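Structure first, then comments.
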Amino acid sequence: MNDSLILATAVRITRPVLFLFAVVLFLKGHNAPGGGFIAGLVTAVAVLLGLLVHGHGNRKTGRPTFLYVVAAGLGLALLTAIVPTLLGWPFFTHSFGFINLPLLGSIELASAALFDLGVYIVVVGNVVTVLHALTERR
Amino acid sequence: MHLAVLTVVAVFITCGVYLLLDRTLLRVVIGLGLLSNGVNLALLASGGLGPGAAPILGHGSAAIVDPLPQALILTAIVIGFGVTALLLTLAFASYQSQLSDDLEDLHGRLDDE
Amino acid sequence: MMNNLCVLPVVIPMATGVLLMLTQARPALSRAIAISGNILSLGVALALVETVRADGIQVLAFGNWPAPFGIVFTVDMLSALMVAVTMVVSTATLLFASVSLDDLHKKNFFYPLFQFLLMGVNGAFLTGDLFNLFVWFEVLLVSSYGLMALGSQAYQLQETFKYLVINALSSALFLIGVALIYGATGTLNMADLVFKFPALADSGMAGVIAVIFLVVFGIKGALFPLYVWLPRAYYGPPTVISGLFGGLLTKVGVYALFRTVTLFFAPGSTFVLPLLSFVAGATMLLGVLGALSQWDFKRILSYHIVSQIGYMIMGLAIYTPLALAGGIFYIIHHILVKTSLFLVAGAVEKRYGTTNLRALGGAADGSPLLATLFMFAGLALAGAPPLSGFVAKFMLLRSGLEAANHLVVAVSLVVSFLTLYSMMKIYRYAFWRQEAENAIVVQGEPVRTFAIAALVTLSLVLGLGGAILLPYVEIAAAQLLDPVAWGTVVLEARVR
Numbered sequence: 001m002n003d004s005l006i007l008a009t010a011v012r013i014t015r016p017v018l019f020l021f022a023v024v025l026f027l028k029g030h031n032a033p034g035g036g037f038i039a040g041l042v043t044a045v046a047v048l049l050g051l052l053v054h055g056h057g058n059r060k061t062g063r064p065t066f067l068y069v070v071a072a073g074l075g076l077a078l079l080t081a082i083v084p085t086l087l088g089w090p091f092f093t094h095s096f097g098f099i100n101l102p103l104l105g106s107i108e109l110a111s112a113a114l115f116d117l118g119v120y121i122v123v124v125g126n127v128v129t130v131l132h133a134l135t136e137r138r
Numbered sequence: 139m140h141l142a143v144l145t146v147v148a149v150f151i152t153c154g155v156y157l158l159l160d161r162t163l164l165r166v167v168i169g170l171g172l173l174s175n176g177v178n179l180a181l182l183a184s185g186g187l188g189p190g191a192a193p194i195l196g197h198g199s200a201a202i203v204d205p206l207p208q209a210l211i212l213t214a215i216v217i218g219f220g221v222t223a224l225l226l227t228l229a230f231a232s233y234q235s236q237l238s239d240d241l242e243d244l245h246g247r248l249d250d251e
Numbered sequence: 252m253m254n255n256l257c258v259l260p261v262v263i264p265m266a267t268g269v270l271l272m273l274t275q276a277r278p279a280l281s282r283a284i285a286i287s288g289n290i291l292s293l294g295v296a297l298a299l300v301e302t303v304r305a306d307g308i309q310v311l312a313f314g315n316w317p318a319p320f321g322i323v324f325t326v327d328m329l330s331a332l333m334v335a336v337t338m339v340v341s342t343a344t345l346l347f348a349s350v351s352l353d354d355l356h357k358k359n360f361f362y363p364l365f366q367f368l369l370m371g372v373n374g375a376f377l378t379g380d381l382f383n384l385f386v387w388f389e390v391l392l393v394s395s396y397g398l399m400a401l402g403s404q405a406y407q408l409q410e411t412f413k414y415l416v417i418n419a420l421s422s423a424l425f426l427i428g429v430a431l432i433y434g435a436t437g438t439l440n441m442a443d444l445v446f447k448f449p450a451l452a453d454s455g456m457a458g459v460i461a462v463i464f465l466v467v468f469g470i471k472g473a474l475f476p477l478y479v480w481l482p483r484a485y486y487g488p489p490t491v492i493s494g495l496f497g498g499l500l501t502k503v504g505v506y507a508l509f510r511t512v513t514l515f516f517a518p519g520s521t522f523v524l525p526l527l528s529f530v531a532g533a534t535m536l537l538g539v540l541g542a543l544s545q546w547d548f549k550r551i552l553s554y555h556i557v558s559q560i561g562y563m564i565m566g567l568a569i570y571t572p573l574a575l576a577g578g579i580f581y582i583i584h585h586i587l588v589k590t591s592l593f594l595v596a597g598a599v600e601k602r603y604g605t606t607n608l609r610a611l612g613g614a615a616d617g618s619p620l621l622a623t624l625f626m627f628a629g630l631a632l633a634g635a636p637p638l639s640g641f642v643a644k645f646m647l648l649r650s651g652l653e654a655a656n657h658l659v660v661a662v663s664l665v666v667s668f669l670t671l672y673s674m675m676k677i678y679r680y681a682f683w684r685q686e687a688e689n690a691i692v693v694q695g696e697p698v699r700t701f702a703i704a705a706l707v708t709l710s711l712v713l714g715l716g717g718a719i720l721l722p723y724v725e726i727a728a729a730q731l732l733d734p735v736a737w738g739t740v741v742l743e744a745r746v747r
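Protein chains in written order, with our numbering: chain P, 1 to 138; chain E, 139 to 251; chain D, 252 to 747.
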């Protein structure tokens, strides 16, 4: 891949912004547009930009690692859904509570966010795997 | 409003079907993409197309939109994304092994009857 | 009855699949995990059947949101039986595959894809929500695309592409149907639809929706005239995978037809049942005629899948308690027998390196046990007593005569004879004659034979002891014919 100075510089600046944007989307997602899926896609775009600039690097380690990421995300989402059944509630029942933190005030903690985190991880792992598979030169 | 959306749906699906009938693998993939976008719009229309706020408790507004079709569309988009990625991979691998992405050209080449 | 047991047939394969993604570089470990996961799901499925028999229809509202607001899993006898038979054949197939696929296949995500396929199939059987049904269909289809292309031979890639495009098209139609139903009734919950769908009958919308769904499930279930994709697609993948597909996948489409037709499309419609009756006859006849013209073990079996689906739809089309019970019995019998036939083809292919009947011969000399098993399975497929096919066909024919649907009965009898001819042809060319010279001794033969023998024995048990399964399918048929009772149970299930 030809090195493009403009692209490389632009990516170096935009990548942190993209990651931050993903975090914002993820956190807003509970009560406003956003959520794990979109945040995952934004993160994956950031990774894709890195791929465009730097190429594949050490390709051998790229693909399987991200599949482990997918497995971890799936596992997390599944566990979030299973835990309520152990407490006698129907599958997928979510629960939430509020805690008070110094400085930040009352913060809502919801088990649905854990599920969303699972979704986020799956999306990142999945999209990156797909991009690797489609862009690598065979 | 409904008529406009339905016209767009019809255009999308028509173009999608036209491309599906093409012999080139890549156009088939694009056709399926158009088709599924048309279908997603149809899903959107199924919930009614009035103006309204997001249906969230405490953000009181008299008119709210039906959130269910949007959830359905999101699911359908995700599935469509996965399927399209798979299709592209298959088309690419098939092109690499046969050096052609023309179905007419491929036809009969691999039939071992 | 709210019961978390309902979701286990989905959760266990998913958890197993996730584990297998992590261990996929180590075939031996993967194999152990996959088989234990399967046996666990099998146990759960059998427990589910007994629970439904003892306590009636089971419901699980996800996230404690009651129907019709949340997604529900509803388990009546039909769902429970389908899940149970799915787990039986998949366990046998998994055993077979673990000794016949080479490491290259196994390392290409065979085990995880297999589990995700089971997850999708079980989900489709259990769900009580129309859109959720679509999602489960996609889960099983995406896994099946992966399995179908396993090995990445050029032929497979090409056929998988076509299979994928056809299924994506039918999924798009499915979504259009979902959109129409939601637009017209404002709900997608099947139980809710039981009460709201009849209101559409006057507007003509009901007919449009019914036709769209018949086409969708007709494509997925390989009905006339939408079956053309099947024989070529099922020829490509390794035989053991074709066996699982041939046994299970089309039957999910058939199950969806049984479910939706009995719940909303047949009551209050004048054209659905006669149309299905015609389709059933045509599917049987054209499928078997296709099989007669073939000279390949796997292709013949693939065409017979199509032909056999006609019988199941015949049960649905006649629409009496006996006919539905016969149809369900037929589905169960077919899943067992068809899978075992494909597995025999796989075992023969392992030994002689081909499935072309002209190149095969004398397999009865090389492996007499395999020949015996094929004979039983083939006779069961044709419907000879004392095997399971006989009981199923007897119920169907009797109900057809009682309903005075003579044409379809006549067609089904002719097709039975042609099926027998077709099985004799395979037997004569593959198992008799001089033994082919290219026989090789291959490892894992005992495990393969055991897997086939288990399925064939089950077919024999269901044939000789048809009375064992009969009460269950009768409960299933009775529940199918009373959608209002089903809907009431689902809608009134208490959440905590």
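For every residue, glycine included, the Cβ atom is placed at its ideal position computed from N, Cα and C.
Here the structure is a predicted model, which is why all the values come from computation and not from measurement.
| task | Give the residues from the region 72-92 of chain P that approach chain D closer than 7 angstroms (Cβ to any Cβ), ordered along the chain. | result | LEU74, GLY75, LEU78, ILE82, THR85, TRP89, PRO90, PHE91, PHE92
| field | Among LEU299(D), ARG510(D), LEU671(D), nearest to ILE564(D) - alpha-carbon criterion | value | ARG510(D)
| said: Does the CB of VAL216(E) have a neighbour CB from chain P at under 8 angstroms? | reply: yes
| request: Indicate whether VAL261(D) and LEU377(D) have their beta-carbon atoms separated by less than 8 angstroms. | output: yes
| What is the rounded straight-line gap between the Cα of GLN730(D) and the Cα of ALA736(D)? | 8 angstroms
| field | Min CB distance VAL122(P) to chain E below 8 angstroms | value | Cβ-Cβ to chain E under 8 angstroms: no for VAL122(P).
| Counting contacts by CB-CB distance shorter than 8 angstroms, is ALA223(E) in contact with chain P? | yes
| said: Just to confirm, is the Cβ distance from SER650(D) to GLY738(D) under 8 angstroms? | reply: no
| task | Can you pull the chain E residues whose beta carbon is under 7 angstroms from the beta carbon of GLN748(D), in chain order? | result | Outside the shown range of chain D, which is 252 to 747, sits residue 748(D), and nothing can be said about it.
| message | Output needed in chain order: residues of the region 225-240 of chain E with a Cβ under 8 angstroms from some Cβ in chain P. | response | LEU226, THR227, PHE230, GLN234
| Reference ALA435(D); option with closest CA among GLU743(D), TRP480(D), GLY455(D) | GLY455(D)
| query | Considering only C-alpha positions, which residue in the set GLY29(P), LEU67(P), THR14(P), HIS30(P) is nearest to THR129(P)? | reply | LEU67(P)
| Own chain partners of GLY321(D) with C-beta closer than 7 angstroms, once the 5 adjacent residues on each side are dropped | ALA312, PHE313, GLY314
| request: Measuring alpha carbon to alpha carbon, tell me which of PHE625(D), LEU381(D), LYS676(D), ASN373(D) ends up nearest PHE448(D). | output: LEU381(D)
| Cβ neighbours of GLN275(D) in the same chain (closer than 7 angstroms, five flanking residues each side left out) | SER281, LYS358, PHE360, TYR362, PRO363
| message | Helix, strand or coil, according to DSSP, for LEU297(D) in the structure here? | response | helix
| said: Against VAL393(D), what residues of chain E qualify as contacts under a CB-to-CB distance less than 9 angstroms, listed in chain order? | reply: ILE217, GLY220, VAL221, LEU224
| said: Please list the terminal residues of the continuous beta strand (DSSP E) segment that includes ILE99(P). | reply: 96-101
| request: Output the distance between the C-alpha atoms of ALA531(D) and TYR570(D), rounded to the nearest integer angstrom. | output: 13 angstroms
| Between MET646(D) and PHE580(D), which are expected to be in contact by the criterion C-beta below 8 angstroms, what is the C-beta distance as a whole number of angstroms? | Rounded, the Cβ-Cβ distance is 6 angstroms, consistent with contact.
| request: Output yes if chain D places a C-beta closer than 8 angstroms to the C-beta of LEU203(E); else output no. | output: Note on identity: in this sequence residue 203(E) is Val, with Leu being the wrong assignment. False, the Cβ-Cβ gap to chain D never drops below 8 angstroms.
| By a C-beta neighbour count over all protein chains shown, 10 Å radius and 16 as the cutoff for buried, is PRO619(D) buried or exposed? | exposed
| message | On the CB-based measure, 16 or more other CB atoms within 10 Å of its CB, does GLN545(D) come out buried or exposed? | response | buried
| request: List the residues that DSSP assigns as beta-bridge partners of ALA191(E). | output: DSSP output for ALA191(E) lists ILE202(E) as bridge partner(s).
| message | According to DSSP, GLU108(P) sits in a beta bridge with which residue or residues? | response | For GLU108(P), which the question treats as bridged, DSSP gives the partners PHE98(P).
| query | Expressed to the nearest angstrom, what Euclidean distance is found between the alpha-carbon atoms of VAL323(D) and GLY188(E)? | reply | 29 angstroms
| query | Using a beta-carbon distance below 8 angstroms, is TYR156(E) in contact with chain D? | reply | no
| message | For ASN373(D), would you say it is in contact with chain P, using Cβ-to-Cβ distances shorter than 8 angstroms as the test? | response | no
| Interface residues of chain D facing PRO207(E) [CB-CB closer than 8 angstroms] | Going along chain D in sequence order, the residues near PRO207(E) (Cβ under 8 angstroms) are ALA430, TYR433.
| Interface partners of ILE551(D) on chain E, CB under 7 angstroms | Those do not exist, as ILE551(D) stays about 12 angstroms from chain E at its closest Cβ, beyond 7 angstroms.
| In angstroms, rounded to a whole number, what distance separates the CA positions of VAL11(P) and PHE21(P)? | Near 15 angstroms, if we compare the C-alpha coordinates of PHE21(P) and VAL11(P).
| said: Does the contact criterion of 3 or more C-beta pairs under 8 angstroms hold for the region 546-555 of chain D versus the region 601-609 of chain D? | reply: yes
| said: Classify TYR506(D): buried if its beta carbon has 16 or more other beta carbons within 10 angstroms, exposed otherwise. | reply: buried
| Quick one: what's PHE324(D) bridged to in DSSP? | Residue pairing for PHE324(D): DSSP places it in a beta bridge opposite LEU311(D), THR378(D).
| query | Name the chain D residues that come within less than 8 angstroms of VAL70(P), Cβ to Cβ? | reply | For VAL70(P), the C-beta contacts it makes with chain D under 8 angstroms involve MET272, in order along the chain.
| message | Within 10 Å of its beta-carbon, does THR61(P) have 16 or more other beta-carbons around it, so buried, or fewer, so exposed? | response | Reliability of the predicted coordinates at THR61(P) is poor, the pLDDT of 47 falling under 50, and the value obtained from them is presented with this limitation in mind. Burial call: exposed.
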